[in-house]
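Going down the list, the protein sequences come from chains S and X.
Quick note: the first sequence uses our numbering, first residue 59, plus one each step.
Quick note: the second sequence uses our numbering, first residue 2, plus one each step.
Glycine included, each C-beta is placed from N, C-alpha and C at the ideal position.
Predicted model, so just to flag it, every value in this text is computed and none were measured.
As structure tokens, the structure follows; a few thoughts come after it.
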Amino acid sequence: MVSAPPVLELQKLSKVYSGFKANDEISICVPAGEIHAVLGENGAGKSTLMKMVYGVVQPTAGQILWRGKPVEVASPMAARRLGIGMVFQHFSLFESLTVAENTQLFLDDGQSPSSVRGALQDLSSRYGLDVQPDRHVHDLSVGERQRVEILRCLLQSPKLLILDEPTSVLTPQEVERLFVMLQRLSSEGCAILYISHKLQEIQRLCHRATVLQAGRVTGSCSPSQETQATLVAMMIGAATAAMPSAGMTSTSSTQEVKTKAGEAHRLSGLTVKDLSVKSSDPFGVSLKNLTFSVAPGEIVGIAGVSGNGQRELLKVLSGEVRLDNSDAILINSLPSGSLSVSRRRRHGLCVIPEDRLGTGAVPDFSLSDNAFLTGLYTKSLLSRSGLIRHQAVDAFAREIISSFHVKTRSEQSPARSLSGGNLQKFIVGRELLQHPSVLVCEQPTWGVDVNAASQLRQALRDLREQGCAILLISEDLDELFELSDRIMVAFQGRLSPAQPTSESTSQSLGLLMSGVWQ
Amino acid sequence: MRRLTLEPRPVASPVWGWASPVLAVVLTCLTGLLIFALLGKDPIEGFHVFFIRPVSSFWAVMELLLKATPLALCAIGLAVGFRAGIWNIGAEGQFILGAIFATAVALHFGDWPVISLLAMMIAGALGGMTWAAIPAFLRSRFNANEILVSLMLVYVAQLLVSWLVFGPWKDPMGFNFPQTVMFSDASLIPTLIEGQRLNLAFLMMLGSLVIAHVLMNHSRLGFSMRTSGQAPLAALYAGFSNRQSIYMGLLAGGACAGFAGMAEVAGPMGQLTDKLSLGYGFAAIIVAFVGRLHALGILLASLVMALFYVGGEQAQQYLNLPSAMSRVFQGMLLFFLLATDLLVNYRLVLRPSVRS
Numbered sequence: 059m060v061s062a063p064p065v066l067e068l069q070k071l072s073k074v075y076s077g078f079k080a081n082d083e084i085s086i087c088v089p090a091g092e093i094h095a096v097l098g099e100n101g102a103g104k105s106t107l108m109k110m111v112y113g114v115v116q117p118t119a120g121q122i123l124w125r126g127k128p129v130e131v132a133s134p135m136a137a138r139r140l141g142i143g144m145v146f147q148h149f150s151l152f153e154s155l156t157v158a159e160n161t162q163l164f165l166d167d168g169q170s171p172s173s174v175r176g177a178l179q180d181l182s183s184r185y186g187l188d189v190q191p192d193r194h195v196h197d198l199s200v201g202e203r204q205r206v207e208i209l210r211c212l213l214q215s216p217k218l219l220i221l222d223e224p225t226s227v228l229t230p231q232e233v234e235r236l237f238v239m240l241q242r243l244s245s246e247g248c249a250i251l252y253i254s255h256k257l258q259e260i261q262r263l264c265h266r267a268t269v270l271q272a273g274r275v276t277g278s279c280s281p282s283q284e285t286q287a288t289l290v291a292m293m294i295g296a297a298t299a300a301m302p303s304a305g306m307t308s309t310s311s312t313q314e315v316k317t318k319a320g321e322a323h324r325l326s327g328l329t330v331k332d333l334s335v336k337s338s339d340p341f342g343v344s345l346k347n348l349t350f351s352v353a354p355g356e357i358v359g360i361a362g363v364s365g366n367g368q369r370e371l372l373k374v375l376s377g378e379v380r381l382d383n384s385d386a387i388l389i390n391s392l393p394s395g396s397l398s399v400s401r402r403r404r405h406g407l408c409v410i411p412e413d414r415l416g417t418g419a420v421p422d423f424s425l426s427d428n429a430f431l432t433g434l435y436t437k438s439l440l441s442r443s444g445l446i447r448h449q450a451v452d453a454f455a456r457e458i459i460s461s462f463h464v465k466t467r468s469e470q471s472p473a474r475s476l477s478g479g480n481l482q483k484f485i486v487g488r489e490l491l492q493h494p495s496v497l498v499c500e501q502p503t504w505g506v507d508v509n510a511a512s513q514l515r516q517a518l519r520d521l522r523e524q525g526c527a528i529l530l531i532s533e534d535l536d537e538l539f540e541l542s543d544r545i546m547v548a549f550q551g552r553l554s555p556a557q558p559t560s561e562s563t564s565q566s567l568g569l570l571m572s573g574v575w576q
Numbered sequence: 002m003r004r005l006t007l008e009p010r011p012v013a014s015p016v017w018g019w020a021s022p023v024l025a026v027v028l029t030c031l032t033g034l035l036i037f038a039l040l041g042k043d044p045i046e047g048f049h050v051f052f053i054r055p056v057s058s059f060w061a062v063m064e065l066l067l068k069a070t071p072l073a074l075c076a077i078g079l080a081v082g083f084r085a086g087i088w089n090i091g092a093e094g095q096f097i098l099g100a101i102f103a104t105a106v107a108l109h110f111g112d113w114p115v116i117s118l119l120a121m122m123i124a125g126a127l128g129g130m131t132w133a134a135i136p137a138f139l140r141s142r143f144n145a146n147e148i149l150v151s152l153m154l155v156y157v158a159q160l161l162v163s164w165l166v167f168g169p170w171k172d173p174m175g176f177n178f179p180q181t182v183m184f185s186d187a188s189l190i191p192t193l194i195e196g197q198r199l200n201l202a203f204l205m206m207l208g209s210l211v212i213a214h215v216l217m218n219h220s221r222l223g224f225s226m227r228t229s230g231q232a233p234l235a236a237l238y239a240g241f242s243n244r245q246s247i248y249m250g251l252l253a254g255g256a257c258a259g260f261a262g263m264a265e266v267a268g269p270m271g272q273l274t275d276k277l278s279l280g281y282g283f284a285a286i287i288v289a290f291v292g293r294l295h296a297l298g299i300l301l302a303s304l305v306m307a308l309f310y311v312g313g314e315q316a317q318q319y320l321n322l323p324s325a326m327s328r329v330f331q332g333m334l335l336f337f338l339l340a341t342d343l344l345v346n347y348r349l350v351l352r353p354s355v356r357s
């Protein structure tokens, strides 16, 4: 055992992008069967490092040893041939193909469709991942897509599996199952590189952790021996890093809060009465008899595994899908079911969608243009003659960037150049700075690092203080417990009755997620 | 060992965005000279005939601008659609329909000063829009691919114009040539300078470039169209209608191409024939991309393309080369543009091999 070389060893690996050091002499050693965490804030260089291991980009200097031998990982295909599997944070599935077809494409050998389907079903039931091989990927929720990605890698029985933020979309029960699966893989000798921001998970699951900050290794430890505070200190690099809770506007004067609260009396929040929508998509979820309300100054959470109607509900509330009957949705008492996005937004609604790059923001547009995307409804960004006031748009974008601490070169940078967390801060900022009286948001902190997540959560709390009615759709139970006043659970297009958060536990919600209230 | 590799750029290079079409034009010209040499012609003389002669006199420059007018008109209309992610490649057919509609007006109501011409301009634009509305309807209603539909409608349009000039609209005094009667003076676009063929359509082309630029870059409608083109889901999220941008994208292209077709029959040709287009609608696709879908770029690219057209005619006349020469240049230009565009998103790097 002692003489067996580690599965993966990185020696002083560096990557330089046009003068910017994304990775600076990083060395990591992962023996067989070890679950090794890579911790770090957004932009710390985790993704770049993983991309080099997986052959997506080539290192500028340094060396990768695979089972003791130096190798050049020229491409992801070469990586897979070596036995490296990777599940990306941004998924790499073809939306117009089915799960089985995606898997078949991913495998280099020409396996028949039926054998791929069979293998998928076997693995899926073995690990309890519940994936249907014949569904099209565009019909799958984020959570389901991730399960496909994981399964796809497992089909090749990898010797090293790289997981980027794998648990962020899973229910507690599913996280348990994933951990059991990962531990089983680990005991079978598969090494795992595990990227996550969730310190608790890392402490529970991982044998060792390497901490990155600004492209360098700042620490290496056994996470179970550390406290969360010491781990955060390594990540942020500040010795005094108490758990960050610095909100951006938490010091707003009480007077301001009062006047906003006074205003709130005129506003009545969001009311949904007996809302039923038949899905036009064969794999979509039909919404059935939803009735709930969100009062001003209240956060109501919707828990549940993705694919139980959350996405459909968001689209119906936002106006992307319009109803024939206006009365099912009241936004500040205005019957809105049949109104356009534009009318609803002008009436105080803002929406933060789950998908950032592609829905919440246009990848190739500048941040300025992305600020205009929804800012045009409330921020008077159009001149009287109907032309875009570019200076006002730029100013709005800069306001978002500075008040929400978005790390970017300028407001003219394209949205795709931002890391996931930074882009999310920008999108949340864009919506919140329009001072909505009703906010619907889905997965606002998915894949965002601890620091940014706590900033975003604080911003939502501040908004609640100002009298906004917030509907929070999330699969992160910790987040729901932390923020919500009341919680409902989505299951197959229905919602459980809302119960106060104080009376809910992850066990009770877990039961509701399997539909037991009915 | 060092080796040359392509590395993706973190952000697309704005410099290469503009340098790439310039390089493509240069490479096209150099290869063109090589082809002259291979055909046994003196490259120096070829260069002179192809590139210098068309700009060597006032008259020649006017002719060049005349040629550039339909190219730039078609290209700017296409660019509006392309930026909305609508791949209209049927400008050729829309051009022909514009000419047909305008000719219908000229043949029946062609003698009223000013009014006839105005009616022809409107009819020309409407003709192109009618043709473009077909793929727009099929795309938004049945999700039919607009590339195929608009392309196939080109051939329908060509057959339609042939039928008209061989049949009902044939000039009875025209010695059986497939052409209509010459239009009356009231149905012709006034020229800008006495003795030259360049006409008012050139100025209207410049105007349409400005309008298209403002529409796409400074108006809410243009913004919503660009959003639909880049990220349809984001467009829905922001409340923009993808259907509207399909219709706008195709109708803008149809209107411009139809107007260009009208300007051709009511301008240098003065009648409708079955050989009315020299592939302007297709060449305009190249013009739009070489011009980076940008108004000023399209103006410059249309001049280059016009030079290839005129140069091709000159080469036929003075060098005894086939007229297909200008098509060869068009093809090379697109070919080199596609190649050099790689440098917008990638860069060439000489790196030492990572090998122990």
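Whose C-alpha, out of P15/X, L5/X, S14/X, L24/X, is nearest the C-alpha of L339/X? Counting from one through the second sequence, the residue named residue 339/X turns up at place 338. Considering only alpha carbons, the answer is L24/X.
Sequence-distant residues of its chain with Cβ nearer than 6 Å to S554/S (five each side left out): For the purposes of this step, residue 554/S is taken as residue 496 along the first sequence, with counting starting at 1. Residues of the same chain with a CB within less than 6 Å of the CB of S554/S, apart from the 5 flanking positions on each side, are M546, V547, L570, W575 in chain order.
Bridge partners of V88/S, per DSSP? As a first step, residue 88/S must be located in the first sequence, where it is residue number 30. In the DSSP output, where bridge partners are listed per residue, V88/S has L66/S.
Please classify L251/X: does DSSP put it in a helix, a strand, or coil? Taking the first residue of the second sequence as position 1, residue 251/X is located at position 250. The DSSP-derived three-state label of L251/X is helix.
Measuring only between beta-carbons, confirm whether H219/X sits less than 8 Å from chain S. Against the second sequence, residue 219/X aligns to sequence position 218. The beta-carbon of H219/X is placed less than 8 Å from the nearest beta-carbon of chain S.
Using beta carbons (cut-off 8 Å, strictly below), is L177/S in contact with chain X? Sequence index remark: in the first sequence, residue 177/S carries index 119 (1-based). The amino acid occupying residue 177/S in the given sequence is Ala; Leu does not appear at that position. No, A177/S lies away from the interface with chain X (no Cβ there is under 8 Å from its Cβ).
Could you tell me which of G479/S, Q513/S, V335/S, E540/S sits nearest to L348/S, measuring between CA atoms? If you number the first sequence from 1, residue 348/S lands on position 290. Out of G479/S, Q513/S, V335/S, E540/S, V335/S has the C-alpha closest to the C-alpha of L348/S.
Element boundaries [beta strand (DSSP E), containing E500/S]: Along the first sequence, read from residue 1 onward, the residue named residue 500/S stands at position 442. Counting along the chain, E500/S sits inside the beta strand (DSSP E) bounded by residues 496-500.
Listing by chain order, which chain X residues have their CB less than 9 Å from the CB of A419/S? As a working mapping, residue 419/S is identified with position 361 in the first sequence. Here the neighbours are A232, A235.
Please name the residue in V96/S, V114/S, C87/S, V65/S whose C-alpha comes closest to that of K73/S. Here residue 73/S refers to the residue found at position 15 of the first sequence. Taking only the C-alpha atoms, the option nearest K73/S is V114/S.
CB contact below 8 Å: V345/X versus chain S: In the second sequence, counting from the first residue as 1, residue 345/X sits at position 344. Interface annotation, V345/X: not in contact with chain S, CB-CB separation never under 8 Å.
Among F454/S, G568/S, P472/S, R203/S, whose alpha-carbon lies nearest the alpha-carbon of L151/S? Translated into positions along the first sequence, residue 151/S becomes position 93. With distances taken between Cα atoms, L151/S lies closest to R203/S.
Please check the pair A267/S and L71/S, which I expect to be a contact at CB under 8 Å, by giving their CB distance rounded to whole angstroms. Sequence index remark: in the first sequence, residue 267/S carries index 209 (1-based). Sequence index remark: in the first sequence, residue 71/S carries index 13 (1-based). Going by Cβ atoms, the distance from A267/S to L71/S rounds to 18 Å, so no, they are not a contact pair.
Excluding five sequence neighbours on each side, which residues of the same chain lie with their C-beta closer than 6 Å to the C-beta of S327/X? As a first step, residue 327/X must be located in the second sequence, where it is residue number 326. Same-chain partners within the cutoff: F309, Y310, G313.
With distances taken from CA atoms, which of F423/S, L381/S, I260/S, D534/S is nearest A236/X? Against the second sequence, residue 236/X aligns to sequence position 235. Looking only at F423/S, L381/S, I260/S, D534/S, the smallest Cα-Cα distance to A236/X is reached by F423/S.
Tell me which residues share the same chain as R210/S and place their Cβ nearer than 6 Å to its Cβ, disregarding the 5 neighbours each side in the sequence. Here residue 210/S is taken as the residue at index 152 of the first sequence, counted from 1. So the qualifying residues of the chain are T161, F164.
Who are the neighbours of S562/S on chain X, taking C-beta pairs under 9 Å? Residue numbering aside, residue 562/S sits at position 504 when the first sequence is read from its first letter. The contacting residues do not exist; S562/S stays about 31 Å from chain X at best.
Hey, quick one: how far does the beta strand (DSSP E) through Y252/S stretch, first residue to last? Counted from its first residue, the first sequence places residue 252/S at position 194. Looking at the DSSP string, the run of the beta strand (DSSP E) that includes Y252/S is 249-253.
In three-state DSSP terms, what is M301/S? If you number the first sequence from 1, residue 301/S lands on position 243. Note that M301/S scores 35 on pLDDT, short of 50, meaning its location in the model is unreliable and no value can be drawn from it.
Kindly list the residues whose CB is nearer than 8 Å to the CB of T307/S, restricted to its own chain and excluding five residues on each side of it in sequence; keep chain order. As a position in the first sequence, residue 307/S is number 249, starting the count at 1. Unreliable positioning characterises T307/S in this predicted model, as indicated by a pLDDT of 38, which lies under 50. A coordinate reading is not provided.
Per the DSSP calculation, D222/S is bridged to which residue(s)? The sequence position of residue 222/S within the first sequence is 164, counting from 1. DSSP lists I253/S as partners of D222/S.
Please classify E246/S as buried or exposed, where buried requires at least 16 other C-beta atoms within 10 Å of its C-beta. Position 188 of the first sequence, counted from the start, is the residue given in the question as residue 246/S. It counts as exposed.
Could you name the residues of the same chain whose beta carbon sits closer than 6 Å to that of Q501/S, not counting the 5 residues immediately before and after it, in chain order? For the purposes of this step, residue 501/S is identified with residue 443 of the first sequence, where counting begins at 1. Once the five neighbours on either side are set aside, the close Cβ partners of Q501/S are E412, S532.
Can you confirm whether T432/S, when its beta carbon is compared against all beta carbons of chain X, has any partner nearer than 8 Å? Locating residue 432/S in the first sequence gives position 374, counting from the first residue. True, the Cβ-Cβ gap to chain X drops below 8 Å.
Please determine if the stretch 415-435 of chain S and the stretch 368-375 of chain S are in contact, where contact requires at least 3 C-beta pairs separated by less than 8 Å. No, the stretch 415-435 of chain S is not in contact with the stretch 368-375 of chain S.
Compute the Euclidean distance between the alpha carbons of G280/X and V12/X, then round it to the nearest angstrom. In the second sequence, counting from the first residue as 1, residue 280/X sits at position 279. In the second sequence, counting from the first residue as 1, residue 12/X sits at position 11. Counting only the Cα atoms, V12/X lies some 36 Å from G280/X.
Less than 8 Å between CB atoms is the rule here; does G444/S satisfy it with respect to chain X? Position 386 of the first sequence, counted from the first residue, corresponds to residue 444/S. For G444/S, the nearest beta carbon of chain X is closer than 8 Å to its own beta carbon.
Determine the direct distance from the alpha carbon of Y75/S to that of F484/S, and round the result to whole angstroms. Here the question's residue 484/S lines up with position 426 in the first sequence. Here the question's residue 75/S lines up with position 17 in the first sequence. Taking the straight line from one Cα to the other gives about 24 Å.
Whole-Å CB distance - A95/S paired with G273/S, under 8 Å assumed: Here the question's residue 95/S lines up with position 37 in the first sequence. Here the question's residue 273/S lines up with position 215 in the first sequence. Actually they are not in contact, since the Cβ atoms of A95/S and G273/S sit about 18 Å apart, beyond 8 Å.
Name, going along the chain, the residues of the stretch 92-118 of chain X whose beta-carbon falls closer than 9 Å to a beta-carbon of chain S. Per Cβ criterion, the list is empty.
Alpha-carbon to alpha-carbon, D167/S and R139/S: By 1-based counting over the first sequence, the position of residue 139/S is 81. By 1-based counting over the first sequence, the position of residue 167/S is 109. The straight-line gap from Cα to Cα measures roughly 11 Å.
Taking 8 Å as the CB-CB limit, is L476/S close to chain X? The count along the first sequence starts at 1 and reaches residue 476/S at position 418. Closer than 8 Å to the CB of L476/S there is not a single CB belonging to chain X.
Please list the partners that F423/S has in chain X, where partner means a Cβ-to-Cβ separation under 7 Å. For the purposes of this step, residue 423/S is identified with residue 365 of the first sequence, where counting begins at 1. Correct list: Q231.
Skipping 5 residues on each side, what residues in its chain have a beta carbon closer than 7 Å to that of P216/S? Translated into the one-based positions of the first sequence, residue 216/S becomes position 158. Excluding positions up to five away in sequence, the list reads G141, I142, G143, C248.
Taking only the alpha-carbon atoms, compute the straight-line gap between G126/S and L68/S and give it to the nearest angstrom. Taking the first residue of the first sequence as 1, we reach residue 126/S at position 68. Taking the first residue of the first sequence as 1, we reach residue 68/S at position 10. Cα-Cα distance, rounded: 10 Å.
Proximity to Q231/X [Cα-Cα], best of F102/X, L343/X, A85/X, I148/X: Taking the second sequence and counting its residues from 1, the one referred to as residue 231/X is at position 230. It is A85/X whose Cα lies nearest to the Cα of Q231/X.
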